[in-house]
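For the record, the sequence lines run as chains A and B. Numbers in the numbering used here are just positions in the first sequence, counted from 1, shifted up by 640. Numbers in the numbering used here are just positions in the second sequence, counted from 1, shifted up by 640.
There are 2 protein chains.
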Amino acid sequence: MNQDYIKPNGWSVIEEGFDASQVESSESLFSLGNGAMGQRANFEESYSGQTFQGSYIAGVYYPDKTRVGWWKNGYPEYFAKVLNAPNWIGINVTINGEILDINTCTGIKDFRRELNMKEGWLSRSFKATLANGNEVEVKALRFLSLDIDEVGAIKYTVIPLNTDATISFEPYVDGGITNEDSNWDDKFWNINKVSHINDFASIEAHTMKTEFHTCTFMKSQLFIDEKSQDLEFAINQTESKIAYKYQADIKCCQSFTIVKFGGYTSDRNHDKTSLVSDAKSAINQVSDLGFDALLEMQKNAWAKIWEMADITIEGDVEAQQGIRFNIFHLNQTYLGTDPNLNIGPKGFTGEKYGGSTYWDTEAYCIPFYLATKDQEVARNLLTYRYNQLDKAIENAEKLGFSNGAALYPMVTMNGEECHNEWEITFEEIHRNGAIAFAIYNYHRYTGDYSYIPEKGLEVLIGIARFWHQRATFSTYRNKYVILGVTGPNEYENNVNNNFYTNYIAKWCIDYALENIEKIKSEYTSDYTRIMNKVNLESDEIAAMRKVADNMYYPYSEEHKVYLQQDGFLDKELVTVANLDKSQRPINQKWSWDRILRSPYIKQADTLQGFYFFEDNFTTEELERHFDFYEPFTVHESSLSPCVHSIQAAKLGRMEQAYTFYLRTSRLDLDDYNHEVHEGLHITSMAGTWMSIVEGFGGMRVKDNILSFTPHIPEQWKGYSFKVNFRNQIITVKVSQSGTDFEIDGTNNLQILVNGKVLTITPFKAVTV
Amino acid sequence: MNQDYIKPNGWSVIEEGFDASQVESSESLFSLGNGAMGQRANFEESYSGQTFQGSYIAGVYYPDKTRVGWWKNGYPEYFAKVLNAPNWIGINVTINGEILDINTCTGIKDFRRELNMKEGWLSRSFKATLANGNEVEVKALRFLSLDIDEVGAIKYTVIPLNTDATISFEPYVDGGITNEDSNWDDKFWNINKVSHINDFASIEAHTMKTEFHTCTFMKSQLFIDEKSQDLEFAINQTESKIAYKYQADIKCCQSFTIVKFGGYTSDRNHDKTSLVSDAKSAINQVSDLGFDALLEMQKNAWAKIWEMADITIEGDVEAQQGIRFNIFHLNQTYLGTDPNLNIGPKGFTGEKYGGSTYWDTEAYCIPFYLATKDQEVARNLLTYRYNQLDKAIENAEKLGFSNGAALYPMVTMNGEECHNEWEITFEEIHRNGAIAFAIYNYHRYTGDYSYIPEKGLEVLIGIARFWHQRATFSTYRNKYVILGVTGPNEYENNVNNNFYTNYIAKWCIDYALENIEKIKSEYTSDYTRIMNKVNLESDEIAAMRKVADNMYYPYSEEHKVYLQQDGFLDKELVTVANLDKSQRPINQKWSWDRILRSPYIKQADTLQGFYFFEDNFTTEELERHFDFYEPFTVHESSLSPCVHSIQAAKLGRMEQAYTFYLRTSRLDLDDYNHEVHEGLHITSMAGTWMSIVEGFGGMRVKDNILSFTPHIPEQWKGYSFKVNFRNQIITVKVSQSGTDFEIDGTNNLQILVNGKVLTITPFKAVTV
């Protein structure tokens, strides 16, 4: 762990002092994104030390040929990779002919990096002594515009401190990039054309196989002591790179500044033939505005995001920094405007995991976006799956299912499965359940039923058909069983009757049938359209109902708990507290068989079911299951602590809830798992948000009414959060002495607080 | 299936007519081996068509870097590959300057290939019309000497049929070879030196990483019309190849013959500095003898093997050919003289599977070698595992076991695990049981107890310790359970309480403890030596005994059968007979999850336990289990039909036993699975032998007495086999009317026939 590296600050992530061993970690932590593109916090100038270069365009991916030791029927041929895109941020700098490179400087002082989350920019400053003895001060400020989301801007200033100096800036665009995680060292990009007109340079390139056409571009402005300069430039061009070299003689302590605008256009949003001209339009728009005006717009845009999404914490600056870091990166990753995009587990901060879409989206991220954005955003996330229904049906067909049964992929970019471990790809089928649950959750939260007749029902039917076909009738038990699955707890593989899976399977069928009935009676034309499309007959419905009504759940009479799966009690039930610390984390210390036969749970599994279907169980049941399973849980998934934090809070165990919260909120900032250099854990950040809002705040929706049971950790003075509930913003401020509720909007709102109805009037805070 | 391709013949495998699409399959079927080396039946002359070149030196392997999609802790870094070795058989031929290449000839007539199993040679003859219009007759005869096992010999004759011709032979040795199944296209061989003295040429080369030093060599003799010629030759030498070119003007219908001797010496048996001189000694020995004398020796050597190992079948030439094909290839693969060698699943006929040692050796091959060789051969196979005990202990340590617990690898070359599928590598642990069982089986058959105090007990203790540590006490069941295993039926993965595994685990502990007691009282000095080495204390023994005495076995009261594993009855129990034929073989048609949740069984699993421990169950129990499990068995492992054939015979179901027998005996000859081009299924060939001797013949050893319950398929007139039992050869001849027993040797022998004692006197046949 690396707990003291990032300076505590409520609104910024701050690094002070240069540490070469931290460069790759900081490149992840200080990443920038605007939903449409993103980049690791790589330096603009040359850096010859260890670095992980990464620049990403949302939705532009490559189907890398699968690598596997032993092929199994049904494995996908390709693994869709998040693709490292051409680099537009680079600026080579020389001082009197000496290359500026922090790695080769003889001295670096006052190195400081700040990711200002409030305003959405990244700054970096340092003083460097070069090998030629020249001392310079460097200041860099960078952001990716939220308003014009194909463009980013860099303001990069060098001040010679002990000499006059001839300084050159060589901004460039470079298409000669690779992916670190390429399976077969294939080439991912083809460069079509490197070109320039006046101060505008561009590289047109397309991805191999997927044929995404992109234009990466740049334009620069030069200043001496803030005064605009019209400098000559030399162009250095190769087959995959173009650089402009600007040079000026700078007096000691004068500042020499380059403002570089750059970014991407792609045929995801543009006509492929107009990528260069559209790039020119975009860059001219921002260069006409100028850096400072664009930065002002950026601050305003982030202010709007924070206005809805901020959570404040009083009395604990690290917790404050942690929660804002999570909210900030979630917003950098996904803003919800494009139904073809989703929330990659590493966002724009690294390559690991590949794909962009996991069940994380439905299980963890949708609540965050539901509460902090307009409902259109969550709807777009649902539509993403609707648009991929055909592929989910194809995917199920590959595994032997038929008649429109849909199995959504474990990992995907375009709807096709791209993961290839049989125990995950073929067996972690509970993912289908979360996708149906998200539809329910969307309707429960927004009250907007229209999505279901419009799109959702087809998805629900495909999923219900899958569960119907996937269940097996056990003559022996006279029940339906689901054999050979991997539950959310991936430390069990190929188990029979995973409680969570069986439960959500039954729920999915019930929910689909319930909605079929409702739409049949209330949305007749939708019903006709859908039934014509899916060919669902009454005998299939009856067969589905039979499966749902006769589902088997493993249960222990002795412990009065549902068993995670058949045979769970056969395990040697030694709790994590009694497991030697030297053995942890078990995923690094133990061979897979040992993990599998142990009782240890990677993340909430049975308890995930209690989280989704809380209302179906009593608090006593929750408590019994929590007390049974949590002691075996090693929380080695970043998605684990949040669910447990919420449930501990519900059980009034605030100390435990707070401990879980800490574990999730600063996971990346404090680099608990020594892996932040690979990128951030974006989807689990939504779990952190849930820990506060659903955990401490106890927010639920019950029968169209927002409900709260506020708790506060004793370590905090107070905290506040806002939620957008059906177009009204409710602010909840919790302190040790009580809770304030306030709404903006025009209508009164009835809410439940600790089970009692409370009516709140716009702009009049009520304290409970 | 390719049932009519190979001509039926009792003693030979015969191919008539040239079919380019069959070349690779025939290369496998006509493979030669002599235990020390082997080779696919590649042509001597150039062949530009599709071919799979393979030449192998026993025990010379390469640790290829593992390829895996998703790494799991405990996976081995390397996969030991059977290594394609330098080629010494090649002879380029030109006729009036035109290269002889069957693929480019304008006509091929009278192509005939014969693998004479009785005498151990391969012949090939054909008439070719070359592109230049020249017609030639070609005759090639080749064998790998059993007597001087580093050498092989080729007699290659060309007769011009329609013209006088200048004919050149260019025999060569070529070190520039690769493995088709290389994971990362690594180079496996380093050439040290290519050299020649007079008519002797050699290539010294060593394998990368493993540093096996080898010398591949050749020497040739030339004849015209059988008369020895002293022809000039030109040498053509590169960095990795050396060729001698001999040329002569041959009149129409004269024969031009080259006799080429070649082979390998390696530092597995020689000093690395004397490989070339030792090669010279070997080749001079054979060239002094001459081709014909060496061939005579070959015939005699094979006659000796057949004298012991032959099985005759009257009235069914295809069955006769099938069983001899199996016996022949087993003997080509492994002759039992070197305790560092083992029986690779593809022998010397291909690269697939890698490694050389699987549990096949102990479970399927040892009975064959016990009965058809001196007992030293089986003892060497046991010693092979004894010599690798340290590696088995290391292997177990990697998986978290301690204190001398040994887990033998699933696949190995030198004792290290080299397989990397977690469900196999980490979980198919029943393999340990077969290794212990083989010790028991050796003692049961030979009566030689000395192996156990000398070596076996240490192995038994390591294995017993493994089972002790691997079992888990289930408080719930108040029994020991074994969680997370893959049984012999690899169509179930990560199951709990596989009956076979639990049963053999208990047996292993019992057997180890029983032998500890015996050795303690009867072999005091061995006992002291072993106990000093293994540090086995009485409390560990007591703990082991507790596990063995309290092992849990899943059992169905309803069906009165042991269940293959927990939860087996949850499956949809549709028998194979009711499975649509279009779905088979399921391993090619179904995704892995579907296979896993199906009831279908790849090979005997519960029934494998009934095979090993037959005496512990009644015939009624066997019948009940056979009737329960066989209907779900798809026999998609080559190791499956034999066990079922034996059990069907025991149950008096001769028709079924015969069907199973057919399935195993001509598996490769008839290429049932369309994969014979990859190589032969060597280890399952021993199962074919078992089907006759243990199945039809009903041979068992009961309390030191050989027992028979002969049956005969109604399709046969008669069959006979011989077994070496404790240094006496018993010949058993079964006909429709009765069975003859005969022994050679000096002592009378009591045997059991159909449960009744029969005393047989040397050389006096007794009919029952």
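Beta carbons: idealized from backbone N, C-alpha and C, even for Gly.
query: Whole-Å CB distance - His1317 of chain A paired with Ser665 of chain A, under 8 Å assumed; result: 5 Å
query: Inter-residue CB distance, Gln1228 of chain A and Asn1129 of chain A (contact presumed, cutoff 8 Å); result: The Cβ separation is near 17 Å, so there is no contact.
query: Test: Arg1185 of chain B CB closer than 7 Å to a CB of chain A; result: no
query: Beta-carbon proximity check, Val1283 of chain B vs Ala1326 of chain B, cutoff 7 Å; result: no
query: Collapsed DSSP secondary structure at Gln1243 of chain B in the structure displayed; result: coil
query: Contacts that Phe1113 of chain A makes with chain B (C-beta to C-beta distance below 7 Å); result: Glu1212
query: Beta-ladder partner(s) of Val663 of chain B, from DSSP; result: Answer is none; Val663 of chain B lacks a bridge partner.
query: Test: Leu1302 of chain B CB closer than 7 Å to a CB of chain A; result: no
query: Run of the beta strand (DSSP E) containing Leu762 of chain B, from where it starts to where it stops; result: Trp761 to Thr769
query: 7 Å Cβ cut-off: residues of chain A touching Leu1123 of chain B; result: Asp1210, Lys1211 and Arg1237
query: Residues that DSSP places opposite Glu947 of chain B in a beta bridge; result: DSSP, once it has assigned bridges, lists no residue as partnering Glu947 of chain B.
query: Spatial distance of Tyr1082 of chain B from Gly675 of chain B (CA atoms); result: 22 Å
query: Backbone secondary structure at Leu1320 of chain A - three-state DSSP; result: coil
query: Cβ-Cβ distance between Leu1309 of chain B and Phe965 of chain B below 7 Å; result: yes
query: Chain-ordered neighbours of Asn583 of chain A on chain B, where CB pairs are closer than 8 Å; result: No answer is possible for residue 583 of chain A: the residues shown for chain A start at 641 and end at 1408.
query: Selection from A:Glu1270, A:Gly1385, A:Gly1378 and A:Gly1395 that minimises the alpha carbon distance to Val1421 of chain A; result: As shown, chain A starts at 641 and ends at 1408. That puts residue 1421 of chain A outside it, with no answer to give.
query: CB contact flag (Ile1391 of chain A, Leu1346 of chain A, <7 Å); result: yes
query: Proximity to Cys1148 of chain B [Cα-Cα], best of B:Glu1098, B:Tyr1004 and B:Lys795; result: B:Glu1098
query: Run of the alpha helix (DSSP H) containing Arg680 of chain B, from where it starts to where it stops; result: Segment: none, Arg680 of chain B is in no alpha helix (DSSP H) and carries neither H nor E.
query: C-beta neighbour in chain B for Glu1276 of chain A, strict 7 Å; result: no
query: Closer than 7 Å to chain A by CB, Phe1066 of chain B; result: yes
query: Enclosing beta strand (DSSP E) for Val722 of chain A [first to last residue]; result: Tyr718 to Val722
query: Near-chain B residues of the segment 1319-1337 of chain A (beta-carbon distance less than 8 Å), N- to C-terminal order; result: none
query: Alpha-carbon to alpha-carbon, Phe719 of chain B and Gly699 of chain B; result: 14 Å
query: Whole-number beta carbon distance between Asn1136 of chain B and Gly1124 of chain B, since they are thought to touch under 8 Å; result: 7 Å
query: Interface partners of Lys721 of chain B on chain A, CB under 7 Å; result: Chain A residues near Lys721 of chain B: none, gap ~14 Å exceeds 7 Å.
query: Under the three-state DSSP convention, the category Met1053 of chain A falls into; result: coil
query: Proximity of Asn736 of chain B and Thr850 of chain B at Cβ, strictly below 7 Å; result: no
query: Within-7 Å CB hit, Met641 of chain B to chain A; result: Confidence at Met641 of chain B is low in this model, with a pLDDT of 46, below 50, so the placement of that residue should be treated as unreliable; the coordinate-derived value is given next. So, not an interface residue.
query: Residues within the segment 687-718 of chain B neighbouring chain A, beta-carbon criterion of under 9 Å; result: Thr706, Arg707, Val708, Gly709, Trp710, Lys712, Asn713, Gly714 and Tyr715
query: Best match in A:Glu777, A:Trp761, A:Asn756 and A:Ser763 for proximity to Asp741 of chain A [C-alpha to C-alpha]; result: A:Glu777
query: Closer than 7 Å to chain B by CB, Leu1413 of chain A; result: Examination of residue 1413 of chain A is not possible in this model, given that chain A is present from 641 through 1408 alone.
query: Sheet register partners of Phe809 of chain B (DSSP bridge); result: B:Val733 and B:Tyr886
query: Residue closest to Asn774 of chain B, alpha-carbon to alpha-carbon, out of B:Leu784, B:Ala793, B:Gly747 and B:Ile794; result: B:Gly747
query: Simplified DSSP assignment, three categories, for His624 of chain B; result: Because chain B is modelled from 641 through 1408, residue 624 of chain B falls outside the range shown and cannot be assessed.
query: Trp1062 of chain A: contacting residues in chain B (beta-carbon distance under 7 Å); result: Trp1232 and Asp1233
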